[in-house]
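This report concerns only the one structure given below.
Numbering (our numbering), first residue to last: 1 to 255.
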């Protein structure tokens, strides 16, 4: 038993030194993890990774990460999840500094869990996950949801996502979600309990730079991704013309 504990401590110390990790501090209010880098699966590439800071000020509970497709939103959410789970197990975290609450439960909704055999669509599976969280989430919970409210009509999905996030706000659960939905971006800007974060986009190079920009919501910029993928030139021109006529879209407002 003692040998196993010593080996565990030695392994943690080697991990901490090898990847510039910090010992987490547990606090009651707010949360800060300074310059978190992407999860350990990418640790070998750490010199090329972008470091971001996750910060909740007093009274803030819900972080909404928005921005371009393939812009790093899901990886950012996984990064915060990694930090929290390592901290809960007494393992140094890949950050310069980490002050976080000790969460009794961590809920993660990620990916497509449809099941044709069971008659389960992507959206119904998504709703089932949200319902399970709604019954259990409390003040000592962390909720992580990737692409909240997607899989149905954007207006209805946005309303469901907003209602769910307001419910978690009232439960005082810490929450991090990613979203392209206008309704979710809107509440992130309106409600002081929300923390809007945009993933940066390099307009000159027409590609994401993966950096957090606080107090801003990001455009989806799907056109930039279309241009990078090998579509016929006439298709891209038709799409540009179509998007330019849709002035009722939220994207011109964001820009």
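Glycine included, every Cβ here is placed at the ideal spot set by N, Cα and C.
This one's a predicted model, so the numbers in the text were calculated from it and none came from an experiment.
Between which two residues does the alpha helix (DSSP H) carrying residue i extend?
i           : result
residue 133 : 122–136
residue 231 : It is not in any alpha helix (DSSP H) - residue 231 carries neither H nor E in the DSSP assignment.
Inspect the beta-carbon positions of residue i and residue j and report whether they are closer than 7 Å.
i           : j           : result
residue 131 : residue 149 : no
residue 158 : residue 122 : no
residue 72  : residue 199 : yes
residue 165 : residue 103 : no
residue 133 : residue 107 : yes
residue 53  : residue 35  : yes
residue 61  : residue 169 : yes
residue 196 : residue 188 : yes
residue 64  : residue 194 : yes
residue 127 : residue 154 : no
residue 179 : residue 18  : no
residue 33  : residue 225 : no
residue 88  : residue 139 : no
residue 77  : residue 144 : yes
residue 176 : residue 80  : yes
residue 95  : residue 22  : yes
residue 215 : residue 201 : no
residue 101 : residue 208 : no
May I ask which residues mark the beginning and end of the beta strand (DSSP E) holding residue i?
i           : result
residue 200 : 194–202
residue 35  : 31–36
residue 105 : 105–109
residue 208 : 207–214
From the DSSP output, which residues share a beta bridge with residue i?
i           : result
residue 19  : According to DSSP, residue 19 bridges with nothing at all.
residue 100 : 26
residue 142 : 106 and 174
Since residue i contacts residue j with CB under 8 Å, what's their CB separation in whole angstroms?
i           : j           : result
residue 83  : residue 93  : 5 Å
residue 285 : residue 99  : Any question about residue 285 goes unanswered here, given that the chain covers just 1 to 255.
residue 236 : residue 227 : 6 Å
residue 59  : residue 192 : 6 Å
residue 242 : residue 223 : Incorrect: roughly 10 Å between the Cβ atoms, too far for contact.
Uninterrupted beta strand (DSSP E) stretches inside the stretch 165–191 (no shorter than 3 residues): DSSP runs (the beta strand (DSSP E)) wholly in the stretch 165–191: 174–178.
Ranges of the beta strand (DSSP E) found wholly within the stretch 48–92, counting only runs of at least 3: If we require 3 residues or more, the beta strand (DSSP E) runs fully inside the stretch 48–92 come out as 52–56 and 62–66.
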